[in-house]
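Participant:
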Amino acid sequence: MSTQRSCVLTVDDSNVMRRIISDAIESLGYKPLTAANGREALDRLEERGDDVALILLDWNMPVMNGFEALKAMKADDRFRDIPVMMVTTESERENIIAAIQAGAKHYLAKPFTSQDLVIRMMETLGLAT
Amino acid sequence: MNSEPINHEEEQLLGALVEGTMVMLSMMFGVDGSLSEDGAGPEDGLVGSSLCLESQASKEVVLTLDRPTANLFVASMVACDPDDVADELLQDGVGEMVNIIAGNAKAILASSGAQHFRLSVPRPIEDARGARYAETGAALPSRRIHTDMGTLVIGVRPPLGAPLAAGVPAG
């Protein structure tokens, strides 16, 4: 799937974090899509879901948090197979386990270096050798 | 200068916040921080953000720094010139900094079995003096961290009823 799709969706209520992650997405040759909360993320998927290769998802956000958005994505046949990586300050063991059990493929705790982010994205997209 | 009395839990929280700040400084900005305990200081020209650590004994975590320092940090985050950081982006960046610091502190405290918190979303501070001083005039519990990019002050105060993020999970 991921090699045929051109976009990566970043979901974070921080504009600064969306910009940081979008730069990393572009460095890998993908087009960044953004959303400021889980509800907007689901709206983006309705619009462009068939072109999304990866979703990077924050946890603590207003309106709809990332965990609820993750469950909604995995419950929808149209989006279930899009890999999701949680990118969040919620780094406690039980939260990581909950996210993986809910269908997240990877988990990256903030703070992270740009290198860490790119490497983890490549792993999730199946680009790492 | 008089300081608000600090209990064991606040001391523990401040220690975790300092550690979380040092991790953030190192990983995101590649700088080291040095610590002094005199957290209070001039409140003119401050930029800041706070969020609530919600638990049975909730606390508000407050990050303040002067504007030039905030410009440097946020410009570094988004790879732009410090003079090009607009007010909205500046506040957003400082909010993300306190989010990361508090998130790290939360994990540190949980791993030590000390305290468990839920995080609110960050919000700008509206009262610079209230971010560093109690109504009594005493300095709120805080720590001053010096870096090559400037000084940050991280502190705690009673919560101001900050809203939690939507449907925050337990733990």
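Order-wise, the sequence lines are chains C and B.
Just so we're aligned: the first sequence equals residues 1 to 129 in the working numbering.
Just so we're aligned: the second sequence equals residues 130 to 300 in the working numbering.
Glycine residues also receive a C-beta, built at the ideal position from the N, C-alpha and C atoms.
1. With a threshold of 6 Å on Cβ separation, who are the neighbours of B/A112 within its own chain once the five nearest residues in sequence on each side are excluded?
2. Only counting runs of 3 or more residues, tell me where the beta strand (DSSP E) segments fall wholly within the stretch 41-92 of chain C, in order along the chain.
3. Per DSSP, which residues does B/S324 bridge with? Please list them.
4. With distances taken between CB atoms, is the gap from B/L142 to B/I274 smaller than 8 Å?
5. Take B/M151 and list the residues in its own chain whose beta-carbon comes closer than 6 Å to its own, dropping the five residues that flank it on each side.
6. Taking the alpha carbon of B/R247 as the point to measure from, which residue in C/C7, C/F79, C/N65 has its own alpha carbon closest?
7. Would B/L182 and B/P251 be called neighbours here (beta carbons separated by less than 8 Å)?
8. For chain B, is any of its Cβ atoms less than 8 Å away from the one on C/K110?
9. Using a beta-carbon distance cut-off of less than 7 Å, what residues from the stretch 69-92 of chain C approach chain B?
10. Just the Cα atoms here: how many angstroms apart are C/K110 and C/T89?
11. Mind checking which residues open and close the alpha helix (DSSP H) that includes C/A35?
12. Beta carbon of C/V52, beta carbon of C/L33: below 8 Å?
13. Exposed or buried, what is C/T124 when buried is set at 16 or more other beta-carbons lying within 10 Å of its beta-carbon?
14. Between the stretch 154-168 of chain B and chain C, which residues of the former have CB atoms less than 8 Å from a CB of the latter, in chain order?
15. Along the stretch 224-242 of chain B, what residues have a CB closer than 8 Å to any CB found in chain C?
16. DSSP beta-bridge partners for C/C7?
17. How far does the alpha helix (DSSP H) with B/L186 in it reach, from first residue to last?
18. Check the Cβ-Cβ distances between C/S14 and every residue of chain B, and say whether any is below 8 Å.
19. Can you give me the C-alpha to C-alpha distance between B/R272 and B/L154, rounded to a whole angstrom?
20. Indicate whether the contact test is met: 3 or more Cβ pairs, each with one atom in the stretch 216-235 of chain B and one in the stretch 15-25 of chain C, closer than 8 Å.
21. Determine which residues of the stretch 189-209 of chain B have a Cβ less than 8 Å from any Cβ of chain C, and write them out in chain order.
22. Let me make sure I understand the geometry here. Which of B/P288, B/A239, B/S241, B/Q244 has the alpha-carbon closest to that of B/A263?
23. Does B/G300 get closer than 8 Å to chain C when you measure Cβ to Cβ?
24. Are the CB atoms of B/L146 and B/A239 nearer to each other than 8 Å?
25. Counting only C-beta atoms, is C/D23 closer than 8 Å to chain B at any point?
26. Which residues, in chain order, does the stretch 95-106 of chain C contribute to contact with chain B at a C-beta distance below 9 Å?
27. For B/V297, which residues from the same chain have a beta carbon less than 6 Å from its beta carbon, with the 5 sequence-adjacent residues on both sides left out?
28. Can you name the start and end residues of the beta strand (DSSP E) that B/I274 belongs to?
29. Inspect the CB distances between the stretch 48-62 of chain C and the stretch 70-89 of chain C and report whether three or more fall short of 8 Å.
Facilitator: Walking through what the data contain:
1. Here chain B comprises residues numbered 130 to 300, so residue 112 of chain B is not present and cannot be evaluated.
2. 52-57, 84-88
3. A question about residue 324 of chain B goes unanswered here, because the residues of chain B that appear run from 130 up to 300.
4. no
5. G162
6. C/N65
7. no
8. Yes, C/K110 lies at the interface with chain B (some Cβ there is under 8 Å from its Cβ).
9. T89, E90, S91, E92
10. 5 Å
11. Element bounds for C/A35: not the alpha helix (DSSP H) but the beta strand (DSSP E), 31-35.
12. yes
13. buried
14. M156, M157
15. For the stretch 224-242 of chain B, the set of positions with a beta-carbon nearer than 8 Å to some beta-carbon of chain C reads G224, E225, N228, I229, A231, G232, N233, K235, A236, A239, S240 in chain order.
16. C/K31, C/V52
17. Per the sequence shown, residue 186 of chain B should be read as Ala rather than Leu. For B/A186, no alpha helix (DSSP H) run applies, since DSSP gives it neither H nor E.
18. yes
19. 15 Å
20. yes
21. Along the stretch 189-209 of chain B, going in chain order, the ones with a CB nearer than 8 Å to a CB of chain C are V203, M206, V207, A208.
22. For B/A263, the closest of B/P288, B/A239, B/S241, B/Q244 by C-alpha to C-alpha distance is B/P288.
23. Reliability fails at B/G300, whose pLDDT of 37 lies under 50, so the model's placement of it is uncertain and no value is given.
24. no
25. yes
26. N95, A98
27. Annotation note: pLDDT 47 at B/V297 (below 50); position unreliable, coordinate value reported separately. Taken in chain order, the residues that qualify are R247.
28. 271-276
29. Short answer: they touch.
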